[in-house]
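Numbering (our numbering), first residue to last: 188 to 436.
Working notes, structure below.
Written as structure tokens, this is what we have:
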């Protein structure tokens, strides 16, 4: 007579029988499975370290007092050489990571040193900031360099219109046309596109747009304030007289 248990084991598929034989509560745990929980527990700590970087990167930030140049003077010179507009003391202090008092003292010392040494450039304070300029007594050689059209120049009409705006600002386009005796619409557009003049509100009576000079105008002239503009020549009519003539016309 055949044993039922033997018959049932013989009829079980080979794969299922192998799985049943190898599955046991006492079976050893594979090393990979044992290490998986530990790796999972380590991952949040690494993520937390990366998230703690203010700039969102996994690179360590440089110390806040790093100058980034051999000396403070060298750092200021490097920055001022590449800027395309005057930089004020607080901005320079932020860039070189020094106090405003240190930076201002260094900048003024550099400026005085260049002037004393008779260098071909000056470090000037214009339009609320500092920037390098060529020296006035080097203008002849600079003019020879730019004479062949390397630098676009304003026309005589544009210079005259700019002068009217500079001395009479804020002034409307109609007033400028009256003073010059010609239409100035095209010239006004040119001066505005170059950033030398800008809008300054509207006339309360006519609601016409008023124009004024900009900080770029001061920078190009190398002055810090409109009060430094040269006085109008004595042989020219008084500006108020020009206004009266314009009103009569």
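Even glycine gets a Cβ: it sits at the ideal position worked out from N, Cα and C.
Where residue i and residue j are concerned, what is the direct C-alpha to C-alpha distance, given to the nearest angstrom?
{"i": "residue 348", "j": "residue 378", "result": "9 Å"}
{"i": "residue 180", "j": "residue 311", "result": "Nothing can be reported for residue 180, as the shown portion of the chain is limited to 188 through 436."}
{"i": "residue 304", "j": "residue 353", "result": "34 Å"}
{"i": "residue 329", "j": "residue 268", "result": "17 Å"}
{"i": "residue 368", "j": "residue 322", "result": "37 Å"}
{"i": "residue 383", "j": "residue 296", "result": "31 Å"}
{"i": "residue 327", "j": "residue 306", "result": "15 Å"}
{"i": "residue 372", "j": "residue 298", "result": "41 Å"}
{"i": "residue 415", "j": "residue 313", "result": "11 Å"}
{"i": "residue 362", "j": "residue 370", "result": "10 Å"}
{"i": "residue 275", "j": "residue 389", "result": "31 Å"}
{"i": "residue 413", "j": "residue 400", "result": "9 Å"}
{"i": "residue 266", "j": "residue 332", "result": "25 Å"}
Taking DSSP as the reference, what is the three-state secondary structure of residue i?
{"i": "residue 400", "result": "strand"}
{"i": "residue 310", "result": "strand"}
{"i": "residue 268", "result": "helix"}
{"i": "residue 305", "result": "coil"}
{"i": "residue 229", "result": "Interpretation of residue 229 is limited by its pLDDT of 49, a score under 50 that renders its predicted location unreliable; no figure is taken from the coordinates."}
{"i": "residue 274", "result": "strand"}
{"i": "residue 255", "result": "coil"}
{"i": "residue 418", "result": "coil"}
{"i": "residue 316", "result": "strand"}
{"i": "residue 284", "result": "coil"}
{"i": "residue 300", "result": "helix"}
{"i": "residue 395", "result": "coil"}
{"i": "residue 412", "result": "coil"}
Could you tell me which of the options sits nearest to residue i, measuring between CA atoms?
{"i": "residue 324", "options": "308, 355 and 313", "result": "308"}
{"i": "residue 355", "options": "387, 370, 376 and 340", "result": "387"}
{"i": "residue 273", "options": "418, 414, 407 and 417", "result": "407"}
{"i": "residue 357", "options": "298, 397 and 285", "result": "397"}
{"i": "residue 255", "options": "285, 271, 270 and 361", "result": "285"}
{"i": "residue 293", "options": "258, 271, 413 and 372", "result": "258"}
{"i": "residue 340", "options": "360, 403 and 381", "result": "381"}
{"i": "residue 271", "options": "417, 403, 361 and 419", "result": "403"}
{"i": "residue 442", "options": "298, 350, 374 and 299", "result": "Since the first and last residues shown for the chain are 188 and 436, residue 442 lies out of range."}
{"i": "residue 385", "options": "364, 360 and 409", "result": "360"}
So, is the C-beta of residue i closer than 9 Å to a C-beta in chain D?
{"i": "residue 303", "result": "You won't find chain D in this structure, because it holds only one protein chain."}
### Task
Take every Cβ of the region 283-299, pair it with every Cβ of the region 344-360, and state whether three or more of those distances are shorter than 8 Å.
A contact is defined here as three or more CB-CB pairs under 8 Å, and the region 283-299 fails this definition with respect to the region 344-360.
### Task
Mind the definition here: the region 311-326 touches the region 267-279 only if three or more C-beta pairs lie below 8 Å; say whether that holds.
yes
### Message
For the structure I just gave you, are there three or more beta carbon pairs, one from the region 261-277 and one from the region 392-401, closer than 8 Å?
### Response
no
### Minimum length 4: unbroken alpha helix (DSSP H) runs contained in the region 318-389
326-333, 343-355, 360-367 and 372-380
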